[in-house]
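S.K.:
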Amino acid sequence: MIISLIVAMDLNRAIGYKNQLPWKHLPADWDNLKTVTAGKKMIMGRKSYESPDRLWSEVGNVVITRQPNYQTDAGFLVADTLEKALQLVGDVNEVFILGGEEIFRISLSIADRIYLTIVKGTFQADAFFPEFPEGDFREIRHDDYQSDSENPYDYAFIVYERK
């Protein structure tokens with residue numbers, strides 16, 4: 001199974017503020033995310049699940065939480081560890097981990113790929129994408145884009161693959 005992280009962060013590694021994205025809607029990022037994750041199962045932490053910016057997969061989702069008897073919507077399973085979440089997704093070719101900060105921190109050491117959107121700005125934040133050993137990964141894609149009438153910020157899509 002390929003374990004892929006998918007994250008959007010600003011120039012200071014910010015990924016969230018008050019359980020929402022810290023920047024205005026960036027349609028190109030959402031379109032990229034939907035394209036990259038199409039048909040794939042997803043794993044997310046409880047806070048990401050509870051976010052108004054929540055994403056989900058039509059083929060299966062797992063929420064990681066330490067809260068006993070945590071209730072979710074239909075189409076979501078619950079696990080109390082990353083290892084159990086990976087077991088619950090079953091035998092799949094690739095699974096996407098959507099965050100948040102704590103889930104990214106515990107999954108970086110086993111990630112095979114990182115799909116990274118850099119929002120080229122700095123924003124108020126209380127959640128950050130952790131530093132990762134970039135020497136353990138090689139950049140296999142890097143596309144830069146300028147802001148436009150729909151996307152209010154310059155941004156880049158970068159894909160890293162573990163060496």
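The numbers in UniProt numbering rise by one with no breaks, and the one at position 137 of the sequence shown is 137. Backbone N, C-alpha and C define an ideal beta-carbon position, used for all residues, glycine too.
1) Taking L88 as part of the alpha helix (DSSP H), name the residues at either end of that continuous run.
2) Return the first residue and the last residue of the beta strand (DSSP E) that V59 is part of.
3) Check whether the region 48-56 touches the region 11-24, counting contact only when three or more Cβ pairs, one atom from each stretch, lie closer than 8 Å.
4) Roughly how many angstroms lie between the CA atoms of L108 and D148, to the nearest whole one?
5) Over the uninterrupted alpha helix (DSSP H) stretch that includes A28, give me the two end residues.
6) Can you give me the C-alpha to C-alpha distance between T81 and I64, rounded to a whole angstrom?
7) For the alpha helix (DSSP H) containing Y49, name the first residue and the last one.
M.R.: Inspection of the coordinates gives the following:
1) Your numbering for residue 88 matches position 88 in the sequence shown. In the DSSP annotation of this structure, the continuous segment of the alpha helix (DSSP H) that includes L88 starts and ends at L82 to V89.
2) Along the sequence shown, read from residue 1 onward, the residue named residue 59 stands at position 59. Looking at the DSSP string, V59 is not in any beta strand (DSSP E), and its letter there is neither H nor E.
3) Flag = yes, the region 48-56 and the region 11-24 touch.
4) For the purposes of this step, residue 108 is taken as residue 108 along the sequence shown, with counting starting at 1. For the purposes of this step, residue 148 is taken as residue 148 along the sequence shown, with counting starting at 1. Cα to Cα, the separation comes out at about 32 Å.
5) What you label residue 28 is simply residue 28 of the sequence shown in a count that begins at 1. Start and end: P27 to T37.
6) Mapped onto the sequence shown, residue 81 falls at position 81. Mapped onto the sequence shown, residue 64 falls at position 64. T81 and I64: Cα-Cα distance of roughly 6 Å.
7) The sequence position of residue 49 within the sequence shown is 49, counting from 1. Per DSSP, the continuous alpha helix (DSSP H) segment holding Y49 begins and ends at R46 to E50.
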